[in-house]
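Q: One gets the working numbering by counting positions in the sequence shown from 1 and adding 5 to each. Virtual Cβ for every residue (Gly too), placed ideally from N, Cα, C.
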Amino acid sequence: MKKQASLIVLAAALMVSLSACGGSGSGSKAETAGQGGGSESGATLRFATWDTGDALKIEQDIAKKFEESHPGTKVQVEAYADGFDQKLAAGFGAANPPDVMYMWDFPTYHQSLEPLDSFADKDKDLNIDDFYKGLFNYGKIDGTLYGIPAGFTTRVVYYNKKLFDEAGIPYPKDGWTWPEFQEIAGKLTDKSKKQYGFGARAENDTYDLQGFVWSNGGSFISPDGKTIDGYMNSKETAAAIQMFGDMVKNGSAVLTGGKGQQSGDDIFKAGKIAMWESGIWPLESFRQAGVDVGTVEMPAFPGKPVKGVLAESALSIAKDSKQKDLAWEFIKFYVSDASIKMRVADLPVRQSVVNELKKDQDPLYKPYYTMLERSDNTPAFLLNPKWNEVNRQLSAAVESVMHGSNAQDVLNQAVKDSERYMK
């Protein structure tokens, strides 16, 4: 699943793409759901993915099964990997995008995407009520649907059961608090063994930090997306970020993933950090490494409800696609029960599949779904189209806190440096 990141490199290509389609809307309603035919003999459908390795192999297998059920159709799976955003932007800029693609950055791309409301509304085969409702919030811009949920993750705390057992510390349970988290991290730190209670990211993705900030009653931006002063630098926002800086300073957390530093995933697998915060991505690698791992929902700030942040993979159709009906058929196939079960590394987006596989009852997977119920806040990048510019200042401020700066001071400065983008 793709994570939110700065897209400065896309600006030039997207200017070409958006100017080409600006003002054209989505065409007439007759065109929307009827352009491009269905499974015509000899048709080739292009599908762009950011996945690699085993996940890519599964997607290729799904494409083959779609071909089998649609004789004469060829699905060309285009694996863009780490160059996904750049290659996708280049395709849109050249008016030659893939027909179907994974999508997360709807504010940037929505003008180049086909609205999907008419497809979803008229097609009962999709069974839209079977999806977890909150997932659709991330694929809409101004109330228009541009993406169908295919996968998601919320964020949980991973813990190494062996390290807890050796220290005689009970495993954390849902309903715990950040003060309890900090106390446990201190007890599980043994610098003589280069063992730490927690791994803090040296270069935080501010998208992921929003869950902590929301849980403390803060936010990076106002609900209407127009104001950052009093939000990005509020005492609640600053305190949530300062907490991690303080843990690094007192030694109960070690910095990970910075220049010359190991990733938190690798340090956790090596048994050198007792707790690590992440999405679903590293779980299988932890198990393959032989880590006796547990998961638990995020701690709460005392007296405040826990809030989560959601990372979603959606499927979209290019507005320039000449075979939108076939593209829609592929999306339906991709999010069918059978295809979802094939994608074993993803959290199922359909309630029927979750219930059948009892994922929400599995102790390892249940916290992800508990956090999904708490992930109803709207991320900053969906509230303001200029968020990438603001985020540069915010990211630098957060990184500075991890290296000893005072959160309130650097966030105040970040707001001052970002105000010009809010006009």
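Should residue 24 be labelled buried (16 or more other beta-carbon atoms within 10 Å of its own) or exposed?
A: Here residue 24 scores only 41 on pLDDT, less than 50, and its place in the model should not be relied on; the value that follows carries that caveat. Exposed, because fewer than 16 other Cβ atoms sit within 10 Å of the Cβ of residue 24.
Q: Please check the pair residue 385 and residue 225, which I expect to be a contact at CB under 8 Å, by giving their CB distance rounded to whole angstroms.
A: 5 Å
Q: Quick one: give me the first and last residue of the beta strand (DSSP E) that residue 281 is part of.
A: 278 to 283
Q: Who are the near neighbours of residue 344 in its chain, counting only those whose CB is closer than 7 Å to its CB and skipping five residues on each side?
A: 67, 338
Q: On the DSSP letters alone, give me the boundaries of the alpha helix (DSSP H) that residue 317 sits inside.
A: That residue, residue 317, is in no alpha helix (DSSP H); its beta strand (DSSP E) goes 316 to 322.
Q: Can you pull the DSSP bridge partners for residue 165?
A: 298
Q: Would you list, in sequence order, the uninterrupted beta strand (DSSP E) runs of no fewer than 3 residues that lie entirely inside the segment 47 to 106?
A: Taking only runs of at least 3 residues, the beta strand (DSSP E) segments lying wholly in the segment 47 to 106 are 49 to 54, 79 to 84.
Q: For residue 78, count neighbouring Cβ atoms within 10 angstroms of its own Cβ and tell me buried if that reaches 16, exposed if not.
A: So residue 78 counts as buried.
Q: When you compare the segment 387 to 402 with the segment 203 to 215, are there three or more beta-carbon pairs, one atom per stretch, that lie closer than 8 Å?
A: yes
Q: For residue 293, count the other beta carbons within 10 Å of its own beta carbon; 16 or more makes it buried, fewer makes it exposed. Which is it?
A: exposed
Q: Are the segment 239 to 257 and the segment 196 to 204 touching by the rule of at least three beta carbon pairs closer than 8 Å?
A: Counting Cβ pairs under 8 Å, three or more are found: they touch.
Q: If distances are taken between C-alpha atoms only, which option among 109, 392, 278, 156 comes closest to residue 227?
A: 392
Q: Measure from the alpha carbon of residue 231 to the alpha carbon of each residue in 395, 348, 123, then state which is nearest.
A: 395
Q: What are the boundary residues of the beta strand (DSSP E) that residue 415 is part of?
A: Per DSSP, residue 415 belongs to no beta strand (DSSP E); it is in the alpha helix (DSSP H), 412 to 423.
Q: What is the DSSP secondary structure of residue 375, reduced to helix, strand or coil?
A: helix
Q: Leaving out five residues before and five after residue 242 in sequence, what residues of the same chain have Cβ atoms less than 6 Å from its Cβ?
A: 218, 223
Q: Please list the terminal residues of the continuous alpha helix (DSSP H) segment that includes residue 397.
A: 392 to 407
Q: If you count every other CB in all the chains shown that lies within 10 Å of the CB of residue 366, and 16 or more means buried, which is it?
A: Exposed is the call here.
Q: Distance check for residue 390 and residue 330, CA to CA, integer angstroms please.
A: 30 Å
Q: Quick one: what does DSSP say residue 179 is sitting in, helix, strand or coil?
A: Correct three-state label for residue 179: coil.
Q: Starting from residue 339, trace the alpha helix (DSSP H) in both directions and tell me its first and last residue.
A: 329 to 339
Q: Using the beta-carbon count (16 or more within 10 Å), is residue 30 buried or exposed?
A: For residue 30, the pLDDT reaches just 38, beneath the cut-off of 50, and the residue's location in the model is therefore unreliable, although a value from the coordinates is still provided. Burial check for residue 30: the Cβ neighbour count within 10 Å stays below 16, so the residue is exposed.
Q: Could you say which of 423, 333, 404 lies nearest to residue 130 if we only look at CA atoms?
A: 333
Q: Below 8 Å between beta carbons: does that hold for residue 159 and residue 320?
A: no
Q: At 4 residues or longer, what runs of the alpha helix (DSSP H) sit wholly inside the segment 101 to 163?
A: 111 to 114, 122 to 127
Q: Hey, residue 4 and residue 276: beta-carbon distance below 8 Å or not?
A: The shown model of the chain, from 6 to 428, leaves out residue 4, and the question about it has no answer.
Q: Who are residue 194's beta bridge partners in DSSP?
A: Answer is none; residue 194 lacks a bridge partner.
Q: Quick one: Cα of residue 305 to Cα of residue 291, how far?
A: 25 Å
Q: Would residue 53 be called buried (16 or more neighbouring beta carbons within 10 Å of its own) or exposed?
A: buried
Q: Could you spell out the range, first to last residue, of the beta strand (DSSP E) harbouring residue 206?
A: 201 to 206
Q: For residue 92, count the other beta carbons within 10 Å of its own beta carbon; 16 or more makes it buried, fewer makes it exposed. Which is it?
A: buried
Q: Following the continuous beta strand (DSSP E) through residue 259, name the residue where it begins and the one where it ends.
A: 258 to 261 is the extent of the beta strand (DSSP E) around residue 259.
Q: Looking at the structure shown, is residue 348 part of a helix, part of a strand, or coil, going by DSSP?
A: coil
Q: Cutting at 6 Å between CB atoms, please list the residues of its own chain near residue 234, excluding the five before and the five after it.
A: 420
Q: Report yes or no: do three or more beta-carbon pairs, one from the segment 111 to 131 and one from the segment 142 to 159, lie closer than 8 Å?
A: Taking 8 Å as the limit for Cβ pairs, the verdict is that the segment 142 to 159 does touch the segment 111 to 131.
Q: With C-beta atoms as the reference, is residue 84 less than 8 Å away from residue 128?
A: no
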